[in-house]
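Number of protein chains: 2
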Amino acid sequence: MKPTIRDVAAEAGVSIATVSRVLNGKDRVKDSTKSKIEEAIRKLNFQPDQNARSMIKKETRTIGMVVPELSNEYWAQLFDVLQRLFWENGYTIFIGTTERNLDKEAAVVKTFIERRVDGIIFGSALPRPNPDRTLELLERFAVPTVSLDPRMKGLHCVVGDHLQGATDAVDHLIRLGHRSIAYVGGPIVPDNRELGLRNAYLLNDLPVNEALFRRTSDSPTFQSGYAEMKRLLGEGESFTAVFGFNDAVAFGCIRALEEAGKRIPEDVAIVGYDDIQMATVFKPRLTTVRQPVREIGEALATLLLRALSETPDAQRSFPRTHIAFKTKLVVRDSCGGRG
Amino acid sequence: MKPTIRDVAAEAGVSIATVSRVLNGKDRVKDSTKSKIEEAIRKLNFQPDQNARSMIKKETRTIGMVVPELSNEYWAQLFDVLQRLFWENGYTIFIGTTERNLDKEAAVVKTFIERRVDGIIFGSALPRPNPDRTLELLERFAVPTVSLDPRMKGLHCVVGDHLQGATDAVDHLIRLGHRSIAYVGGPIVPDNRELGLRNAYLLNDLPVNEALFRRTSDSPTFQSGYAEMKRLLGEGESFTAVFGFNDAVAFGCIRALEEAGKRIPEDVAIVGYDDIQMATVFKPRLTTVRQPVREIGEALATLLLRALSETPDAQRSFPRTHIAFKTKLVVRDSCGGRG
DNA sequence: CCTTAGCATGGTAACGATATCATCGTATTA
DNA sequence: TAATACGATGATATCGTTACCATGCTAAGG
Chain A
0 MKPTIRDVAA EAGVSIATVS RVLNGKDRVK DSTKSKIEEA IRKLNFQPDQ
50 NARSMIKKET RTIGMVVPEL SNEYWAQLFD VLQRLFWENG YTIFIGTTER
100 NLDKEAAVVK TFIERRVDGI IFGSALPRPN PDRTLELLER FAVPTVSLDP
150 RMKGLHCVVG DHLQGATDAV DHLIRLGHRS IAYVGGPIVP DNRELGLRNA
200 YLLNDLPVNE ALFRRTSDSP TFQSGYAEMK RLLGEGESFT AVFGFNDAVA
250 FGCIRALEEA GKRIPEDVAI VGYDDIQMAT VFKPRLTTVR QPVREIGEAL
300 ATLLLRALSE TPDAQRSFPR THIAFKTKLV VRDSCGGRG
Chain B
0 MKPTIRDVAA EAGVSIATVS RVLNGKDRVK DSTKSKIEEA IRKLNFQPDQ
50 NARSMIKKET RTIGMVVPEL SNEYWAQLFD VLQRLFWENG YTIFIGTTER
100 NLDKEAAVVK TFIERRVDGI IFGSALPRPN PDRTLELLER FAVPTVSLDP
150 RMKGLHCVVG DHLQGATDAV DHLIRLGHRS IAYVGGPIVP DNRELGLRNA
200 YLLNDLPVNE ALFRRTSDSP TFQSGYAEMK RLLGEGESFT AVFGFNDAVA
250 FGCIRALEEA GKRIPEDVAI VGYDDIQMAT VFKPRLTTVR QPVREIGEAL
300 ATLLLRALSE TPDAQRSFPR THIAFKTKLV VRDSCGGRG
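Protein chains in written order, with numbering that gives the first Met the number 0: chain A, 0 to 338; chain B, 0 to 338.
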């Protein structure tokens, strides 16, 4: 059996209270006693049970992170940033994937609540139903939560300004002379990137062709982008540019276009979103909208940590915060026009 | 304050023992009592405290996963597979990244032990020191662990057969006529991929040029591959092919080569490792060695779950298992010769 | 009608820590 | 020298569950 604080106390010939004192290093303990206890701890290979500690401390020092999936560079990078920041503050991270399924999402949040996480980073990306079970859970149990999805009403929120980002991207295409831009979006609506596109059309007083607005049926990945572009090409609509929901989708489109004999950017211009690492490798290099992942992660962590440092009473009245990060259009070669 | 089982008992006018019974659904409870209790649970929004439950059950139903980082498609994909399988079996996953640092690695494992995870998936990738603190921790506390690193002696182990994979890849290059193959490895030794390369040289009775064996100084990423290839090119060694530690590194090399005016595959042939999604996008498409991630993940989960189902006594004598998965050479365009 | 079984439930000791209050010396002060 | 303060430690309630044993009730069997 694993040794407990009682075993250590017996071994060192003191009371468990004193052992607890050296474990936490707060009360004063005589040096000789302290070293006796430390020796006993070493000898028995004692590791305090964090769960037992949590029960009485009423905080677990765990964070739950909910994301669609991790095999998506954006989420993975975000995780790496968050992991480092929370680790530095003594938190361990539970992670649960929604697999883009509302039931799973709610189940993950419920699990986190049962495990009494101190806070939640909510990075799901699903259309919000009504009633929204996940949101209800989060509110009922008053778990401090920071969301990456602005549609989660009432939660703190840190986002990239996708409306702006998409508008910039499409403006760029329009300025290069494109008038028919196909959009391959993700599976969810409403979608600020799509709105940004429509916004740019509007600002430039251009007609929209609804047949060019597409959405992938599942996760916005390389495969789904590829499949959707194949379908679009099959329908014979004409277009001279493509705006992809993210870089993976954009790459999928590129692959489909090339298989259909189109050249990039000569025949079709492409712009993506996220600026993943591979965006600089692919030739022609991808023009895309960069999200400041590190800054977003830091804002997320800072906000949640600040909320956690409030007393439980104060947390309820902690002001709702909404931070939107500016994105940046990174112009490379996939739209041509720059040589 | 969050409602406890006692509040529910009071609300329903029964004892906490009975509430516990309906919570666990094992003992028989009269239907009318049961519904009274369920009503109270709903009314109070009661969620049982999993940690309190763990204390007495002596299992937390959590798994700790330790990985170098997640912004690496291989680890991210593996995580997604594992997450699904463990979720289906009622486990929640803690994840900790080592940041390729032995101290952090040991600290993560220690944290997992303090949190009393039921099992650990050990996916660190670091040179093993002697003495090996992480291994000692794992052994002392007898946490059921499955490793992805065969150098963790005494642990169950599931790996891709990299020696074979690398041999296949290099054999392919040699068969295409290449005699000077640069290797850009990861930061750690020994490295089975490097050994596979040497093995192929040996089998084909070719001389080796040590100057062509390189290793990235940090994580095997796009950036480090790019930097290392830049350095190699600066040294003026001649070579006609490159074998990259993984696809990201290979892409980094490609980028550096192209900047130096080399064409792929005409001037330099490239082969990567892992077969990430982008391997099919890049033109020329990357020839690479595919690891069966899904199968590896399933084997990992199955093995750990089986170990966990043993009684604590039986776990000690549970036979050490070592599973190596065959890899598959995926021939595309980056080596030419098929074209 | 008494015994006995079995069902439904209650009471309470764990689990492994921390927190609080009590206690006992010993040194300091008036 | 008695009062006092403080430093070091011990005893024990507590956190929110589950496990285990006890108990009361009803119905069946003799």
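Just so it is clear, CB atoms sit at the ideal spot from N, CA and C, and this is done for glycine as well.
{"Item": "Is any beta-carbon of chain B found at less than 7 Å from that of Ala259 (chain A)?", "Value": "no"}
{"Item": "Distance, Cα to Cα, Arg6 (chain A) vs Glu38 (chain A)?", "Value": "The sequence as given places Asp at residue 6 (chain A); Arg does not occur at that position. Answer to the nearest angstrom: the Cα atoms are 13 Å apart."}
{"Item": "Are the beta-carbon atoms belonging to Tyr225 (chain B) and Arg254 (chain B) less than 7 Å from one another?", "Value": "yes"}
{"Item": "Under the rule that 16 or more other beta-carbon atoms within 10 Å means buried, what is Ala210 (chain A), buried or exposed?", "Value": "exposed"}
{"Item": "Alpha carbon to alpha carbon, how far is Leu256 (chain A) from Asp273 (chain A)?", "Value": "21 Å"}
{"Item": "Quick one, are the C-beta atoms of Ile15 (chain B) and Ile62 (chain B) less than 7 Å apart?", "Value": "no"}
{"Item": "If you measure from the beta carbon of Arg254 (chain B) to each beta carbon in chain A, is any gap under 7 Å?", "Value": "yes"}
{"Item": "Could you tell me which of B:Ile40, B:Lys25 and B:Gly153 sits nearest to Thr3 (chain B), measuring between CA atoms?", "Value": "B:Ile40"}
{"Item": "Ser53 (chain A) and Asn50 (chain B) look like a contact to me (Cβ under 8 Å); what is the Cβ gap, rounded to whole Å?", "Value": "6 Å"}
{"Item": "Would you say Leu69 (chain A) faces chain B, with C-beta separation under 7 Å as the test?", "Value": "yes"}
{"Item": "State yes or no: is the beta carbon of Ile94 (chain B) nearer than 7 Å to at least one beta carbon in chain A?", "Value": "yes"}
{"Item": "Report the three-state DSSP secondary structure of Lys325 (chain B) (helix, strand or coil).", "Value": "coil"}
{"Item": "Is the beta carbon of Thr215 (chain B) less than 7 Å from the beta carbon of Pro186 (chain B)?", "Value": "yes"}
{"Item": "Considering only the alpha carbon of each residue, which of A:Gly243, A:Glu113 and A:Thr287 lies closest to Arg331 (chain A)?", "Value": "A:Thr287"}
{"Item": "Residues in the segment 125-153 of chain B with C-beta within 8 Å of chain A's C-beta atoms, listed in sequence order?", "Value": "Arg139 and Phe140"}
{"Item": "Evaluate Pro318 (chain B) with the Cβ neighbour count: other Cβ atoms within 10 Å of its Cβ, from every protein chain shown; 16 or more gives buried, anything less gives exposed.", "Value": "exposed"}
{"Item": "When we look at the beta-carbon of His321 (chain A) and count the other beta-carbons within 10 Å, is it buried (16 or more) or exposed?", "Value": "exposed"}
{"Item": "Can you tell me where the beta strand (DSSP E) holding Val80 (chain B) begins and where it ends?", "Value": "Taken as a continuous stretch (DSSP letters only), Val80 (chain B) belongs to no beta strand (DSSP E), being part of the alpha helix (DSSP H) at Glu72 to Glu87."}
{"Item": "Is it right to say Ala249 (chain A) is buried, meaning 16 or more other beta carbons lie within 10 angstroms of its own, or is it exposed?", "Value": "buried"}
{"Item": "Leaving out five residues before and five after Arg60 (chain B) in sequence, what residues of the same chain have Cβ atoms less than 6 Å from its Cβ?", "Value": "Gly89 and Tyr90"}
{"Item": "Can you tell which of A:Asn23, A:Leu232, A:Asn191 and A:Ser237 has the C-alpha that lies nearest to the C-alpha of Ala124 (chain A)?", "Value": "A:Asn191"}
{"Item": "Can you list the beta strand (DSSP E) stretches of 3 or more residues lying completely in the segment 144-229 of chain A, in chain order?", "Value": "144-146, 155-159, 180-184 and 212-214"}
{"Item": "Within the 7 Å Cβ cut-off, does Ile55 (chain A) reach chain B?", "Value": "no"}
{"Item": "Given a cut-off of 7 Å, decide if Lys103 (chain A) and Thr110 (chain A) are closer than it, judged by their beta-carbon atoms.", "Value": "no"}
{"Item": "Measure the beta-carbon distance from Ala247 (chain B) to Thr220 (chain B) and round it to whole angstroms, keeping in mind my assumption that it falls under 8 Å.", "Value": "5 Å"}
{"Item": "Ile112 (chain B) by DSSP, collapsed to three states: which one?", "Value": "helix"}
{"Item": "Distance check for Val18 (chain A) and Val142 (chain B), CA to CA, integer angstroms please.", "Value": "25 Å"}
{"Item": "Using the rule of at least 16 other Cβ atoms within 10 Å of the residue's Cβ for burial, across every protein chain shown, is Ser70 (chain B) buried or exposed?", "Value": "buried"}
{"Item": "How would you call Leu0 (chain A), buried or exposed, if buried means at least 16 neighbouring beta carbons within 10 angstroms?", "Value": "In the sequence as presented, Leu is not what sits at residue 0 (chain A); that position holds Met. Burial call: exposed."}
{"Item": "Does any CB atom of chain A fall closer than 7 Å to the CB of Ile120 (chain B)?", "Value": "no"}
{"Item": "Could you pull the start and end residues of the alpha helix (DSSP H) that Tyr51 (chain A) belongs to?", "Value": "Tyr is not the amino acid found at residue 51 (chain A); the sequence shown has Ala there. Residues Gln49 to Lys56."}
{"Item": "Could you spell out where the alpha helix (DSSP H) holding Phe250 (chain B) opens and where it closes?", "Value": "Asp246 to Glu258"}
{"Item": "Does the beta carbon of Val157 (chain A) come closer than 7 Å to any beta carbon on chain B?", "Value": "no"}
{"Item": "Can you tell me where the beta strand (DSSP E) holding Ile119 (chain A) begins and where it ends?", "Value": "Gly118 to Phe121"}
{"Item": "Take Leu202 (chain B) as the anchor and find which of B:Arg178, B:Tyr182, B:Arg150 and B:Gly184 has the nearest alpha-carbon.", "Value": "B:Arg178"}
{"Item": "How would you list, in chain order, the residues of chain B whose beta-carbon sits under 8 Å from the beta-carbon of Pro47 (chain A)?", "Value": "Glu113"}
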